[in-house]
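In case it helps, the working numbering puts the sequence shown at residues 965 to 1204.
For glycine and all other residues, C-beta sits at the position ideal for the given N, C-alpha and C.
Since this is a predicted model, take the numbers as computed values, not measurements.
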Amino acid sequence: MLKRDFFIPHDKLRGTRLEWLITDDTPIESTLFFNLWTSCMGIAVKVLKTNYFKGIVNGDLDPNNYGQLMVQDAYYCFNGQNDYVTGATCADNDDWKVFYNQKADSYAEYNKTYHDDWHIHDIESVTPGDSIKEYAQYEAYVAGSLDSPYLSVVMLPCEYLWNWVANIIDGYTPEDSIYRFWVDWNKGEPNGAIQMAQMLEKHRSEIDEKKAMDIFRKAMEYELKVFTDACQQTNQILTK
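Right, dumping it as structure tokens:
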């Protein structure tokens, strides 16, 4: 399966105004994204402790729960592709226009996974749950109504969280676990999220950081709702 990180390949950046993204080596710890992420670490830990990820680690996640979340994620990713098209159309400057067009392409490439593996054609093929529908609506609002940098802010939680969780549970998930593939699929370097963090840093002077924090936190809360709903939990995070 194609790694779920929506990374823009270097050959797509060469010769564009964003070629600097290939070699940017800004330490992640000094970025706005790092501040946003660390401020929401408590939410990330709650996601990690949901029954969904306990089931991934233990190998006893109900396949129906795994499947329904993947179908909901298809809805999210189809909408995400549209959001980046909107973001490129409404871009404040050429940097964001180029970047969001490339992100839309990366989503289109990834969405072939849903076409080929899950036989899901488009948004209309999915009946969304309330949480994923509200999440997608919120991201569409940010894409169409707010300044360009905030689209990256609202999309970053999803693009980074899956990778973060996979790296955490890598050492706890047996190699023969039925869901080991999920860990291997999502772990490693969060290359797509790093590109977005670099873009935000380049345009940090354009960003109201309190506003960015509110948007990022709301997206993280939606992530928690989605993974909680996947196992029909009701606002209850169970700990070992």
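In this structure, S1095 lies away from F970, with their beta-carbon atoms at least 7 angstroms apart.
Taking a contact as a CB-CB distance under 8 angstroms, the pair L1115 and G1156 does not count as one, their CB atoms being some 14 angstroms apart. Here N1057 carries a coil assignment [DSSP, helix/strand/coil].
Comparing C-alpha distances from W1001 to each of Q1196, M1163, A1183 and C1195 shows the shortest one belongs to A1183.
Annotation: the continuous alpha helix (DSSP H) that includes R1181 extends over E1173 to D1193. Ranked by how close their Cα comes to the Cα of I1142, the residues W1128, D989 and F1017 have F1017 in first place. Ranked by how close their Cα comes to the Cα of M1119, the residues S1169, E1173, D1081 and K1067 have K1067 in first place. By the neighbour-count criterion, in which 16 or more other beta carbons inside 10 Å mark a residue as buried, P1113 falls on the buried side. Contact between A1055 and Y1064 holds, since their C-beta atoms are separated by about 6 angstroms, short of 8 angstroms. Judged by beta-carbon spacing, L977 lies within the 7 angstroms limit of I986, meaning their Cβ atoms are closer than that value.
Sequence-distant partners of V1117 (beyond 5 residues in either direction) whose C-beta falls short of 6 angstroms from its own C-beta, in its chain, are A1176, I1179 and F1180. In chain order, D1047, T1050, G1051 and L1115 place their CB closer than 6 angstroms to the CB of A1107, counting only its own chain and leaving out the 5 sequence neighbours on each side. Residue E1185 holds the alpha-carbon nearest to the alpha-carbon of L1125 among E1185, N1028 and K1174. Scanning its chain for C-beta atoms nearer than 7 angstroms, with the 5 sequence neighbours on each side dropped, one finds no residue around Q1196. Taking the Cα positions, D1026 is about 13 angstroms away from M1034. The residue among D1037, A1008 and G1135 with its C-alpha nearest the C-alpha of S1089 is D1037. Three or more beta-carbon pairs separated by less than 8 angstroms link the segment 1151-1167 to the segment 1125-1134, which places the two stretches in contact.
About 16 angstroms separates the Cβ atoms of L1188 and I1020, ruling out a contact at the 8 angstroms cut-off.
Taking C-alpha positions only, E1173 is separated from I1084 by approximately 38 angstroms.
For P1113, the enclosing alpha helix (DSSP H) stretches over residues P1113 to I1133. For the pair L1110 and Y1102, the Cα-to-Cα distance works out to about 11 angstroms. Your pair T980 and V1062 checks out as a contact, with CB atoms roughly 6 angstroms apart and the cut at 8 angstroms. Rounded to whole angstroms, the Cβ separation of N1043 and A1100 is 4 angstroms, and the two are in contact under 8 angstroms. In the structure shown, Q1196 falls within a coil segment according to DSSP collapsed to helix, strand and coil.
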